[in-house]
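S.K.: Sequence order for the protein chains is E and D.
Under our numbering, the first sequence has 521 at position 198, and the numbering climbs by one with no breaks.
Under our numbering, the second sequence has 483 at position 160, and the numbering climbs by one with no breaks.
Here you go, one structure.
2 protein chains.
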Amino acid sequence: MYKLPIIYTIAPLLHSADEAHGFLRSAARRKRKEIMTVREANAEVIERLQKAEVFLTGAGRASEHIGFLSAGKSLLHSGPPVDWDDMCSAMKNAVCGAAVYEGWARDPSEAAEMARSGRIRFASANDYHAVGPMAGIISPSMPVWLFENRTYGNRAAVTFNEGLGRTLRFGANGEDVIKRLKWMEECLGPIMSEALELSGPVSLTEIVSRGIQRGDEAHNRNKACTGLFIRKMAPYIALTRAGREEIYEVLKFFDGNDHTFLNLSMGLSKCTMEAAYGVPGSTIVTCMCTNGHEFGIHVSGLGEKWITAPAPYAKGNYFKGYGAEDANPAMGDSYVSETNGLGGFAMGAAPGLGKFIGITPRECMQASAAMYSITCAEHERFRIPFMGYSGTPLGIDVRKVLDTGILPVINTGIAHKEPDVGQIGAGIVYPPVEVFKKAMLLLEQGQE
Amino acid sequence: MYKLPIIYTIAPLLHSADEAHGFLRSAARRKRKEIMTVREANAEVIERLQKAEVFLTGAGRASEHIGFLSAGKSLLHSGPPVDWDDMCSAMKNAVCGAAVYEGWARDPSEAAEMARSGRIRFASANDYHAVGPMAGIISPSMPVWLFENRTYGNRAAVTFNEGLGRTLRFGANGEDVIKRLKWMEECLGPIMSEALELSGPVSLTEIVSRGIQRGDEAHNRNKACTGLFIRKMAPYIALTRAGREEIYEVLKFFDGNDHTFLNLSMGLSKCTMEAAYGVPGSTIVTCMCTNGHEFGIHVSGLGEKWITAPAPYAKGNYFKGYGAEDANPAMGDSYVSETNGLGGFAMGAAPGLGKFIGITPRECMQASAAMYSITCAEHERFRIPFMGYSGTPLGIDVRKVLDTGILPVINTGIAHKEPDVGQIGAGIVYPPVEVFKKAMLLLEQGQE
């Protein structure tokens, strides 16, 4: 286990007692100052997280709301930046599906050739105020939800959730997948854009705080939040100018997909965390994500600098017929939920999710409780009834992770590594400890 | 505390040891036989409760589905049968509101005179396969939900929920109340009738089993179940021939009323319990209700015989500005939920309700857990995650209530005793112990 190299390692190198005492006094002063500075910086970050009030403000075409997608054959992906050659197979398959969906290629193999020869531009969605679950591909024509953090004015955009089974985000790219994406573009997106104009902005912070009371942890269990969102929006969806059958299809699609809210929860967390970037000295993690090749984090005090290490594999429950040998490495931007006190950090509220990934209600609570050791605060609005209405652990502190050796607990879906299969399980994944070590070294360098 | 008069009380009256032993042996044989018979009878009742699968099959006009309401100026009320003179003030006020709503009287005072002079017929809804919350008034023109227990073929009908605040069921009868009832008759009822024709029957047993996983106890907390119902029905409501604005109003009304599902939960429990009536020898309670004057129960082995005692008052939290002196006695048919393992018996699943009535999550669990002492089984489908997925306590046994002295715990809304106020609080109410004593005496007589 990594230990911060302060005082203990320096003292033995000194010669005289006086010298040693002098140095120790000076080091203690520096340490006190450092601690105060870090504490203040982290307090500032926590305040920004607690005060965030994120609204869903609308829906629109990705190319019109995300600068990178406004021109050329451009795609965003999940995790830190990655080139085609380094992409894992599930992400490559999703890229090929997106290229076919956009009409850039006739089939996945032509699309792969385009990507290989550099005719598709790639960037990390995270670098453009966007996120996506699993492969997280965002292409220009896709509809996106639009978010605004009312307290701080920053915005974000996230794709619509496709449902379970064979989906682009899990690396499937067959005709059924493309057909659904087209329907989302032509029917679902415009209807939700109109419905949100009619309803006005919807507070997602409020929906999640209620969902936590009803068994969700708002990462891999979104049943209650999805229901809260549907009942809130249904009246306005019905008021749109769309035809009766189209409205029926939209409401059926939402009702049939308990992960409808996943992408909204991700937008909430992205838009919350981005308000807390760049507080000098802060050791709080503001982003965790993986592209299936590398796991990356952001730390508030390090701004938008990517700190990466090889992507880990999840430990989990596999659906019948599948095993660890079929799994793609962990992939996706949804781990931003955990930085915001949700997902694994709120698992104590969601025994149903525990059941899905094979742990008891008590273990769910233990997992969440352990996260208090590596965080700076309790979320004031996300409270777990059966943990005495404690707020969920909020604000992962790089120092505390290294001091305790306790890694953030993240729950995740597991994708098949081959195309056209989709999700094959769900489980727990831990970030590689290297990212926290590297971050701490950079933070220390910044203080010198 | 009442104790069953077996062996202990009889032995001292005997003269010789032989005689005493002979009698004791004979009593023990009788007791074993009785216990076996009762046990078998209760097992039969429990099986019927466990196997019940209740569907919402439609909606229609009360007069067309409840025989008693098909002719004349007829009203059903909650609780056991009661005459006008004995009705509590909140029920009288609701009766007057219903008479004005039906156009039988111009105002509440004229309606009161009609009722006083015998020009309105009254009956207990319970005696006509119907139930209603609080005053539980069902008048001929009101729309009702229609239920069917698919396993046993029996049916039930329940009014639509009016929302919170000033409502007929809480004894309010002003213009706003009548106007809402008219809208429910002319707009809401027909739209839901058409929507249910489009959707086909909806399993309420399934919705409640999910709601229990999400913080509901399906009596005074119905937030999750209401959401599950709305998301299921919204697509079909949107498909009806109704105008866009009317559909919007219906979806807004449901979303604005977390008790939308209360009346559906009551229908589920009524339709479940009625399949378990009349099993000879069974000591299981099949109905609990009160009209605000008398509390009444049914016991399976006693068929449809009413066993009554004076209505108790609830102990509870009052809304600001109100206190116990303003309260109407406990009133309503919704206590049928508790006979079906819901409400107070499922409170361990619903810490949010505990908060509302002023108890902690732990106390919620303790209240539910105590009910295992007076019931015969755990519900196979209503399971409480944080109590190790135990089924809720099912089948109140009159004998166990008297043996332990533990009374069923019921949560309830509290009505103001004067008209046009409505709900003034919520709390806990216990049935009067007399009903269990009387029932036990009748059951013992039946065995002789």
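For glycine and all other residues, C-beta sits at the position ideal for the given N, C-alpha and C.
Bear in mind the structure is a predicted one, so any value in this text is a computation, not a measurement.
Count the other C-beta atoms from every protein chain shown that fall within 10 angstroms of the C-beta of ARG429(E), then say buried if there are 16 or more, exposed otherwise.
M.R.: Under this definition ARG429(E) is an exposed residue.
S.K.: Can you pull the chain D neighbours of LEU764(E), defined as C-beta to C-beta under 8 angstroms?
M.R.: Neighbours of LEU764(E) on chain D: none; closest Cβ ~42 angstroms, over 8 angstroms.
S.K.: Within 8 angstroms (strictly less), CB to CB, does ILE733(D) reach chain E?
M.R.: no
S.K.: Expressed to the nearest angstrom, what Euclidean distance is found between the alpha-carbon atoms of PHE642(E) and GLU370(E)?
M.R.: Going by the C-alpha atoms only, they are around 41 angstroms apart.
S.K.: Since ILE553(E) meets chain D, which of its residues come closer than 8 angstroms, beta carbon to beta carbon?
M.R.: By Cβ distance, chain D contributes GLY550, ILE553, ARG554 and ALA557.
S.K.: So, is TYR331(E) buried or exposed, given that buried needs 16 or more other C-beta atoms within 10 angstroms?
M.R.: Since pLDDT at TYR331(E) reaches only 27, below the 50 mark, its modelled position is unreliable, and the value read off the structure follows with that caveat. Answer is exposed; the Cβ neighbour count stays below 16.
S.K.: Using a Cβ-Cβ cut-off of 8 angstroms, state whether PHE709(E) counts as contacting chain D.
M.R.: Contact of PHE709(E) with chain D is assigned, a C-beta pair being separated by under 8 angstroms.
S.K.: How big is the Cα-Cα spacing for GLY566(D) and ALA394(D)?
M.R.: 33 angstroms
S.K.: Quick one: what's got a C-beta closer than 8 angstroms to ARG489(D)'s C-beta in the same chain, skipping five residues either side?
M.R.: ALA495, GLY497, ASP499, VAL500, ASP743, VAL744 and GLY745
S.K.: Contact criterion: CB-CB distance below 8 angstroms. Does ALA518(E) meet it with respect to chain D?
M.R.: For ALA518(E), the closest Cβ of chain D is not nearer than 8 angstroms.
S.K.: Between the Cα of SER623(E) and the Cα atoms of MET611(E), MET589(E) and THR606(E), which residue gives the shortest distance?
M.R.: THR606(E)
S.K.: Could you say which of CYS699(D), THR698(D), ALA672(D) and SER696(D) lies nearest to GLU686(D) if we only look at CA atoms?
M.R.: ALA672(D)
S.K.: Could you spell out the range, first to last residue, of the alpha helix (DSSP H) harbouring LEU679(D)?
M.R.: It is Phe, not Leu, that sits at residue 679(D) in the sequence shown. Residues 674-680.
S.K.: Going residue by residue through the stretch 370-418 of chain D, where are the continuous beta strand (DSSP E) segments of at least 3 residues, counting only ones entirely within it?
M.R.: 377-384 and 397-400
S.K.: Looking at the structure shown, is LEU469(E) part of a helix, part of a strand, or coil, going by DSSP?
M.R.: Correct three-state label for LEU469(E): strand.
S.K.: PHE445(E) bridges to which residues according to DSSP?
M.R.: Its beta-bridge partners are LEU398(E).
S.K.: In the stretch 679-719 of chain D, which residue ranges form an unbroken alpha helix (DSSP H) of at least 4 residues, counting only runs that do not cross its ends?
M.R.: 684-693
S.K.: So, do the stretch 601-619 of chain D and the stretch 594-610 of chain E have three or more beta carbon pairs nearer to each other than 8 angstroms?
M.R.: no
S.K.: Pairing CB atoms from the stretch 587-599 of chain D with CB atoms from the stretch 521-532 of chain D, are three or more of them under 8 angstroms?
M.R.: When C-beta atoms of the stretch 587-599 of chain D are compared with those of the stretch 521-532 of chain D, three or more pairs fall below 8 angstroms, so the two segments count as touching.
S.K.: Buried or exposed for GLN768(E), please, with buried defined as at least 16 other CB atoms from any protein chain shown within 10 angstroms of its CB.
M.R.: exposed
S.K.: Per the contact definition of three or more C-beta pairs closer than 8 angstroms, is the stretch 459-471 of chain E in contact with the stretch 413-430 of chain E?
M.R.: Judged by Cβ distances under 8 angstroms, the stretch 413-430 of chain E makes contact with the stretch 459-471 of chain E, as three or more pairs qualify.
S.K.: State the Cα-Cα distance for the pair LEU764(D) and GLY512(D), rounded to the nearest angstrom.
M.R.: Taking the straight line joining both Cα atoms gives about 44 angstroms.
S.K.: Contact between the stretch 556-576 of chain D and the stretch 719-736 of chain D is defined here as three or more beta-carbon pairs at a separation below 8 angstroms; is this criterion met?
M.R.: no
S.K.: Assuming CYS610(D) is part of the beta strand (DSSP E), what are its boundary residues?
M.R.: 608-614
S.K.: Name the residue from THR380(D), ILE461(D) and TYR695(D) whose alpha carbon lies nearest to the alpha carbon of GLY444(D).
M.R.: A quick correction: the sequence has Arg, not Gly, at residue 444(D). Looking at THR380(D), ILE461(D) and TYR695(D), the one whose alpha-carbon comes closest to that of ARG444(D) is ILE461(D).
S.K.: If you draw a straight line from the C-alpha of ALA637(E) to the C-alpha of VAL721(D), how long is it?
M.R.: 53 angstroms
S.K.: From GLU376(D) to MET596(D), what distance separates their C-alpha atoms?
M.R.: Looking at the two C-alpha atoms, the distance is approximately 11 angstroms.
S.K.: Cα-Cα, which of ALA518(D), PHE552(D), THR613(D) and CYS612(D) is closest to ILE570(D)?
M.R.: ALA518(D)
S.K.: Is the separation between the beta-carbon of GLY402(D) and that of ASP649(D) shorter than 8 angstroms?
M.R.: no
S.K.: Taking Cβ positions only, does LEU665(D) come closer than 8 angstroms to chain E?
M.R.: No, no contact with chain E.
S.K.: Can you name the residues that DSSP bridges to HIS452(D)?
M.R.: None; HIS452(D) has no bridge partner.
S.K.: Are any of the Cβ atoms in chain E nearer than 8 angstroms to that of HIS338(D)?
M.R.: Low confidence applies to HIS338(D): its pLDDT is 40, below 50, so where it sits in the model is not reliable enough to give any reading.
S.K.: Which residues does DSSP list as the beta-bridge partners of THR277(E)?
M.R.: Nothing about residue 277(E) can be reported from this structure: the residues present for chain E run from 324 to 771 only.
S.K.: Given that a residue counts as buried once 16 or more other Cβ atoms are within 10 Å of its Cβ, and exposed if not, what is ARG544(D)?
M.R.: By the Cβ neighbour-count rule, ARG544(D) is buried, with 16 or more other Cβ atoms within 10 Å of its own.
S.K.: Which parts of the stretch 496-532 of chain D are runs of the alpha helix (DSSP H), unbroken and 4 residues or longer, counting only runs that do not cross its ends?
M.R.: 498-506 and 512-522
S.K.: Taking Cβ-Cβ distances shorter than 7 angstroms, what residues in chain E pair up with ARG567(D)?
M.R.: ALA561 and LEU562
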